[in-house]
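When we follow this note's numbering, the leftmost residue of the sequence shown carries the number 1, and every step to the right adds one.
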Amino acid sequence: MKIIVGGLTALCVALSANAELVTSLSSTKSEYNLNFHPKFSRVLLARSDRDFENAQVWEYQHQDNRYTTPRKINLGPTEFKYSDPMYAPNGHEIYFISDKPMKNLGNSRDYNIWHGRLVNGQATEVTPLNTHINSIDDEFGPELHQGRLYFARRHDRHYALMSDKKTHQAVTLWDATPRQDDIEMRSDLTFSPDAKVAVFWQISKTSPQADLYASRLLSGQWSAPIKLLAGVNSHFHEISPQFSPDGKWLYFSSERPEPDFALFNIHRVSTEQAFPKQWYKAHFAPKKLNLLADVNTLKAITEFTYTLTLHRKDNTTKQHVRVNYQPFSLKILRDNTQYDLDNKTGIKTDLHTQRKVKMSEQEIAKELRSLRLNFLDLFKKDDTHLYRQYNETSPHQYMYRVESSGIAPFSILVDQHKQKILQLFYDNSNIGIESDYKKIDGIWWPHTFSFHVDNEKVATGVFSDMCIAFINDDKDKCESI
Numbered sequence: 001m002k003i004i005v006g007g008l009t010a011l012c013v014a015l016s017a018n019a020e021l022v023t024s025l026s027s028t029k030s031e032y033n034l035n036f037h038p039k040f041s042r043v044l045l046a047r048s049d050r051d052f053e054n055a056q057v058w059e060y061q062h063q064d065n066r067y068t069t070p071r072k073i074n075l076g077p078t079e080f081k082y083s084d085p086m087y088a089p090n091g092h093e094i095y096f097i098s099d100k101p102m103k104n105l106g107n108s109r110d111y112n113i114w115h116g117r118l119v120n121g122q123a124t125e126v127t128p129l130n131t132h133i134n135s136i137d138d139e140f141g142p143e144l145h146q147g148r149l150y151f152a153r154r155h156d157r158h159y160a161l162m163s164d165k166k167t168h169q170a171v172t173l174w175d176a177t178p179r180q181d182d183i184e185m186r187s188d189l190t191f192s193p194d195a196k197v198a199v200f201w202q203i204s205k206t207s208p209q210a211d212l213y214a215s216r217l218l219s220g221q222w223s224a225p226i227k228l229l230a231g232v233n234s235h236f237h238e239i240s241p242q243f244s245p246d247g248k249w250l251y252f253s254s255e256r257p258e259p260d261f262a263l264f265n266i267h268r269v270s271t272e273q274a275f276p277k278q279w280y281k282a283h284f285a286p287k288k289l290n291l292l293a294d295v296n297t298l299k300a301i302t303e304f305t306y307t308l309t310l311h312r313k314d315n316t317t318k319q320h321v322r323v324n325y326q327p328f329s330l331k332i333l334r335d336n337t338q339y340d341l342d343n344k345t346g347i348k349t350d351l352h353t354q355r356k357v358k359m360s361e362q363e364i365a366k367e368l369r370s371l372r373l374n375f376l377d378l379f380k381k382d383d384t385h386l387y388r389q390y391n392e393t394s395p396h397q398y399m400y401r402v403e404s405s406g407i408a409p410f411s412i413l414v415d416q417h418k419q420k421i422l423q424l425f426y427d428n429s430n431i432g433i434e435s436d437y438k439k440i441d442g443i444w445w446p447h448t449f450s451f452h453v454d455n456e457k458v459a460t461g462v463f464s465d466m467c468i469a470f471i472n473d474d475k476d477k478c479e480s481i
């Protein structure tokens with residue numbers, strides 16, 4: 001919705017395979033302005049007919065890298081257009097643009113930025129933003145980042161990037177990135193999760209199609225923009241860039257021809273392919289963090305044991321766990337049953353009858369998956385990756401996306417200064433809270449945790465009898481269970 005130009009180039013070109021069409025979000029209509037919910041569970045986008053007519057906002061469910069269950073968000077009377085949606089960082093509010101008249105501006109049909117609450121696909125309390133943001137010109141592409149609102153303002157063919165001042169009483173031209181004299185339009189400003197890479201589209205007098213450019217924040221100054229790499233830009237318009245919340249992907253809308261699709265469609269490219277190697281390593285690559293202990297200390301763990309007492313509403317269970325890595329074995333005592341397993345086989349023993357039964361593949365996978373959610377095991381694995389995720393918190397608290405084989409990705413809020421994990425966020429909106437940290441053999445271990453579903457505490461857990469053994473420790477340091 002943020003580009004109004006005609007006479008589009010119709011050349012067929014051989015494009016790099018690096019940029020891929022997201023078919024589940026694309027159609028024979030135009031799709032653009034994809035925006036992720038902070039919990040990864042949903043996405044918003046705008047969909048319209050040719051020339052952005054009949055624009056509406058749609059929401060999709062997002063799970064396991066798939067997009068399902070689309071539903072149109074009702075934002076007002078259908079005779080008006082609704083576009084450029086974005087979730088607020090709290091996930092409960094939505095910003096968008098519309099040509100719906102504002103009461104204090106009569107019947108003006110220019111585009112303005114609106115705001116509302118979003119609950120189960122329904123928008124309520126929909127109101128326009130203040131007049132210091134909404135003007136007699138068009139406003140496009142709201143981006144709320146670190147408490148400031150960024151957007152584009154268009155007068156005739158001139159687009160300018162704007163920023164709401166921290167006082168929230170005035171706006172100013174966002175001209176932090178150097179701008180060549182022949183640049184006619186800039187719009188769709190978005191930022192990387194660490195806020196140090198800005199991406200936008202621009203049109204110049206010598207390049208009539210919209211291409212995506214990026215600028216990097218170095219020593220407090222934004223660098224001269226560079227044209228993005230790989231198959232991001234083509235001989236057609238590319239607009240509405242947006243990072244995935246973990247910075248692994250750059251999404252954008254392109255008008256390039258795609259078989260069985262038409263107009264603008266959603267594409268994506270990995271940030272590793274889209275940006276120079278130095279940029280990727282600094283801003284998007286998985287991070288090595290000293291959480292709970294330094295990385296080498298965690299790698300040196302050969303064994304750990306603990307007792308977990310789990311309280312659910314009317315039920316309390318206790319289990320004893322021993323993990324050995326030389327070679328790997330897992331032993332669990334739970335509900336008068338002993339489980340002994342490695343990566344491929346398992347036996348469960350009824351402690352009353354001593355009857356032994358071979359564990360099924362599903363039972364083994366369940367116990368191994370439960371172990372993988374223990375951070376000592378998780379951080380020992382070379383295939384565990386932490387990606388910086390956008391969040392708005394106090395100093396020294398950062399959000400990271402955790403990805404590792406055998407478990408569904410989830411997010412953690414960490415106190416990097418204290419090396420502690422504070423909260424866990426799952427894509428189904430469930431939350432875990434870690435607390436009562438104590439150091440065990442030099443490693444921070446939370447002695448209590450709680451699990452919350454729909455803001456209701458449904459379970460609490462208490463750890464006891466913890467023991468951690470390292471490479472140079474005595475063989476029998478931790479007692480067997």
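Glycine residues also receive a C-beta, built at the ideal position from the N, C-alpha and C atoms.
{"Item": "Please state whether DSSP places L34 in a helix, a strand or coil.", "Value": "strand"}
{"Item": "Mapping DSSP to helix, strand and coil, what is Q273?", "Value": "helix"}
{"Item": "Buried or exposed for E548, please, with buried defined as at least 16 other CB atoms from any protein chain shown within 10 angstroms of its CB.", "Value": "Beyond the ends of the chain as shown, which are 1 and 481, falls residue 548; an answer cannot be given."}
{"Item": "Can you find the residues in the same chain that come closer than 7 Å, C-beta to C-beta, to A198, ignoring five residues on each side of it along the sequence?", "Value": "T177, L189, F191, A214, S215, W222"}
{"Item": "Taking 8 Å as the cut-off, does the segment 301-312 touch the segment 37-57 (at least 3 CB pairs, one atom from each stretch)?", "Value": "no"}
{"Item": "If W114 sits next to F140, beta carbons under 8 Å apart, how far is it from one beta carbon to the other, in whole angstroms?", "Value": "12 Å between Cβ atoms; not a contact."}
{"Item": "With three or more C-beta pairs closer than 8 Å as the rule, is the segment 368-376 touching the segment 406-423?", "Value": "yes"}
{"Item": "Which whole-angstrom value describes the C-beta separation of W58 and P70, a residue pair presumed to lie in contact below a C-beta threshold of 8 Å?", "Value": "5 Å"}
{"Item": "Output the boundary residues of the alpha helix (DSSP H) element that contains K366.", "Value": "361-372"}
{"Item": "Count the other C-beta atoms from every protein chain shown that fall within 10 angstroms of the C-beta of A469, then say buried if there are 16 or more, exposed otherwise.", "Value": "buried"}
{"Item": "Find the nearest neighbour of K381 within the set Y400, L351, I203, F328, judged by alpha-carbon distance.", "Value": "F328"}
{"Item": "Please classify R355 as buried or exposed, where buried requires at least 16 neighbouring CB atoms within 10 angstroms.", "Value": "exposed"}
{"Item": "Work out the CA separation of S234 and P257 for me, nearest whole Å.", "Value": "10 Å"}
{"Item": "For E434, collect the residues of the same chain with a Cβ closer than 6 Å to its Cβ; drop the 5 residues on either side in sequence, then sort them by chain order.", "Value": "I421, P446, F449"}
{"Item": "Please tell me whether W568 and E238 are closer than 8 Å, where the distance is taken between their beta carbons.", "Value": "Given a span of 1 to 481 for the chain in the structure shown, any question on residue 568 remains unanswerable."}
{"Item": "What residues are listed by DSSP as bridge partners for F96?", "Value": "W114"}
{"Item": "What are the start and end residues of the alpha helix (DSSP H) that includes V295?", "Value": "295-299"}
{"Item": "Between the Cα of Y251 and those of I226, V232, A262, spot the shortest distance and give me the residue it belongs to.", "Value": "V232"}
{"Item": "Run through the DSSP bridge pairs and tell me what N54 is partnered with.", "Value": "N54 is not bridged to any residue."}
{"Item": "Below 6 Å CB to CB, which residues in the same chain sit around P286 once its five sequence neighbours on both sides are set aside?", "Value": "H385, L386, Y387"}
{"Item": "From L45 to N296, what distance separates their C-alpha atoms?", "Value": "43 Å"}
{"Item": "Could you spell out the range, first to last residue, of the alpha helix (DSSP H) harbouring K72?", "Value": "From DSSP, K72 is part of no alpha helix (DSSP H) but of the beta strand (DSSP E) over 66-73."}
{"Item": "CA-CA distance, V462 and K439?", "Value": "15 Å"}
{"Item": "On the three-state DSSP scale, how would you describe K348?", "Value": "strand"}
{"Item": "Give the DSSP-derived three-state secondary structure of F375 in the structure shown.", "Value": "helix"}
{"Item": "How many Å lie between Y437 and W444 at the Cα?", "Value": "6 Å"}
{"Item": "Is the beta carbon of L212 closer than 8 Å to that of F193?", "Value": "Sequence check: residue 193 is Pro here, not Phe. Not a contact, by the Cβ cut-off of 8 Å."}
{"Item": "Helix, strand or coil, according to DSSP, for T460 in the structure here?", "Value": "strand"}
{"Item": "Using the three-state DSSP reduction, which class does K380 fall into: helix, strand or coil?", "Value": "helix"}
{"Item": "Between S360, I412, Q416, H417, which has its C-alpha nearest L424's C-alpha?", "Value": "I412"}
{"Item": "I need the boundaries of the beta strand (DSSP E) containing S254, first residue and last residue.", "Value": "249-254"}
{"Item": "May I ask you to report which of helix, strand or coil DSSP gives L559?", "Value": "Residue numbering for the chain in the displayed model covers 1 to 481; residue 559 lies beyond these limits and cannot be assessed."}
{"Item": "Looking at the structure shown, is K281 part of a helix, part of a strand, or coil, going by DSSP?", "Value": "helix"}
{"Item": "Compute the Euclidean distance between the alpha carbons of H132 and K313, then round it to the nearest angstrom.", "Value": "51 Å"}
{"Item": "My parser needs the beta strand (DSSP E) runs of 3 or more residues fully inside the segment 119-197; what are they?", "Value": "122-128, 138-145, 148-155, 158-164, 171-173, 183-191"}
{"Item": "Could you check the C-alpha separation between R340 and K348 for me, to the nearest Å?", "Value": "Strictly speaking, residue 340 in this sequence is Asp, with Arg absent from that position. Looking at the two C-alpha atoms, the distance is approximately 6 Å."}
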